[in-house]
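First up is the structure itself, then whatever we jot down about it.
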Amino acid sequence: MREPEFQDRYEGGRVLADHLRRHARQPGTLVLALPRGGVPVGAEVARKLGVPLDVFLVRKLGTPGHEELAMGAIASGGVRVLNREVVNELNIGREQIEAAARREAVELQRREESYREGRPPPNVRGRTVLLVDDGLATGTTMRAAVAALRLLEPAAIIVAVPVAAAESCESLAQVADEVICVRMPEPFYSVGLWYRDFAQTEDDEVRALLAEATREGAASEAQPSA
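Reading the sequence shown from the start, the letters are residues 9 to 234 in the working numbering.
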């Protein structure tokens with residue numbers, strides 16, 4: 009078994025930022041991190057690149073009786089995507105879909121309110137979005153995030169992670185405009201194995217990182233241009 013690739017998510021974010029240098033201080037570029045583990049990574053990327061940070065919340069819609077199987081997802085901005093293949097194959101009715109969506113919407117709304125603390129979600133239309141997480145195992149959540157984000161009409165979606173399973177990176181390349189996977193160790197097993205410290209990211213940490221990024225962005229805008 010190889011040694012972990014990164015000390016923690018913050019180091020993963022700094023290394024990832026080095027692979028995204030061409031986006032540094034580019035107008036219209038935005039980092040959207042997937043909570044919760046993606047936020048420390050995204051915070052370092054945004055800080056090093058000098059671009060805004062926000063979160064993009066995704067909640068999987070589990071198939072009735074087989075909750076681990078996604079029949080779709082809901083996301084920030086009131087977006088909903090359905091996996092029509094799963095819905096049709098399992099003959100899932102509209103009422104079942106609506107019930108699952110209502111349940112997940114409650115948690116999504118709770119997190120939106122908790123993390124943003126009154127700040128409105130960003131307008132991504134026409135912008136280059138760096139969609140960041142701490143890693144990709146199956147890539148299911150990230151695929152749902154890309155599909156949902158696409159409906160909000162960004163100019164480009166770049167999936168970026170410090171570590172991932174190679175097959176997940178290849179799969180996501182079919183739906184994202186670009187995929188940056190810094191490390192693709194084999195065998196992969198799980199994301200957490202490649203961090204020495206993979207302690208759960210708590211809501212307080214997410215709020216603090218977002219608030220700090222907002223303050224830094226406001227301070228930067230307030231500085232007179234050269």
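We put the CB at the ideal spot given by N, CA and C, even for glycine.
Distance check for residue j and residue i, CA to CA, integer angstroms please.
i, j, result
"Leu61", "Ser122", "16 Å"
"Arg191", "Glu103", "42 Å"
"Leu159", "Val95", "20 Å"
"Glu75", "Gly101", "15 Å"
"Arg92", "Asp141", "26 Å"
"Ala41", "Tyr197", "23 Å"
"Val132", "Gly36", "9 Å"
"Asp26", "Leu139", "15 Å"
"Thr148", "Ala83", "14 Å"
"Arg44", "Leu98", "31 Å"
"Asp16", "Met150", "20 Å"
"Cys177", "Gln117", "29 Å"
"Leu90", "Glu161", "18 Å"
"Phe206", "Ala156", "27 Å"
"Leu238", "Thr209", "The requested residue 238 is not part of the displayed model; the chain covers only 9 to 234."
"Gly73", "His31", "43 Å"
"Tyr18", "Cys189", "16 Å"
"Ala78", "Arg124", "27 Å"
Identify, in the order they occur along the chain, each residue of the same chain with its Cβ nearer than 6 Å to the Cβ of residue i, setting aside the five sequence neighbours on each side.
i, result
"Glu186", "Ile166"
"Arg33", "Gly58"
"Gly21", "Val49, Glu52, Val53"
Out of the options, point me to the one whose CA is closest to residue i's CA.
i, options, result
"Val214", "Gly46, Pro12, Asp26, Leu38", "Gly46"
"Ala107", "Pro128, Thr71, Asn99", "Thr71"
"Glu220", "Arg127, Thr148, Leu98", "Arg127"
"Asp211", "Ala78, Glu115, Val23, Leu77", "Glu115"
"Glu175", "Arg204, Gly143, Glu19", "Gly143"
"Pro130", "Tyr18, Arg55, Thr222", "Thr222"
Between residue i and residue j, is the Cβ-Cβ spacing less than 9 Å?
i, j, result
"Arg29", "Leu57", "yes"
"Val311", "Val137", "What the structure shows of the chain is the stretch from 9 to 234, and residue 311 is not part of that stretch, so it cannot be assessed."
"Val59", "Leu38", "yes"
"Ala163", "Gly134", "yes"
"Ala145", "Ala173", "yes"
"Leu65", "Arg119", "yes"
"Ile105", "Gly86", "no"
Please go through the same chain and pick out, in chain order, the residues whose beta-carbon is closer than 7 Å to the beta-carbon of residue i, but skip the five residues on each side of it.
i, result
"Ala234", "Residue placement at Ala234 is poorly supported in this model, since its pLDDT is 41, which falls under 50; the coordinates still yield a value, given next. Here the set comprises nothing."
"Leu217", "Val47, Pro48, Ala51"
"Gly225", "Pro60"
"Arg67", "Ala81, Ile82, Glu112, Glu115, Leu116"
"Ala109", "Leu69, Ile82, Arg88"
What residues in its chain sit with their C-beta under 8 Å from that of residue i, if we drop five residues either side in the sequence?
i, result
"Pro193", "Arg10, Glu13, Val171, Trp202"
"Leu180", "Leu144, Gly147, Met150, Arg151, Val154, Val167, Val187"
Just to confirm the assignment: which complete alpha helix (DSSP H) runs, minimum length 4, are found wholly within the region 42-82? If we require 4 residues or more, the alpha helix (DSSP H) runs fully inside the region 42-82 come out as 46-57.
Secondary structure, alpha helix (DSSP H): runs of 4+ residues fully inside the region 190-230: Whole alpha helix (DSSP H) segments, 4+ residues: 211-230.
Please list the segments of the beta strand (DSSP E) lying wholly inside the region 78-150, counting only runs of 3 or more residues, in order along the chain. 87-90, 136-140
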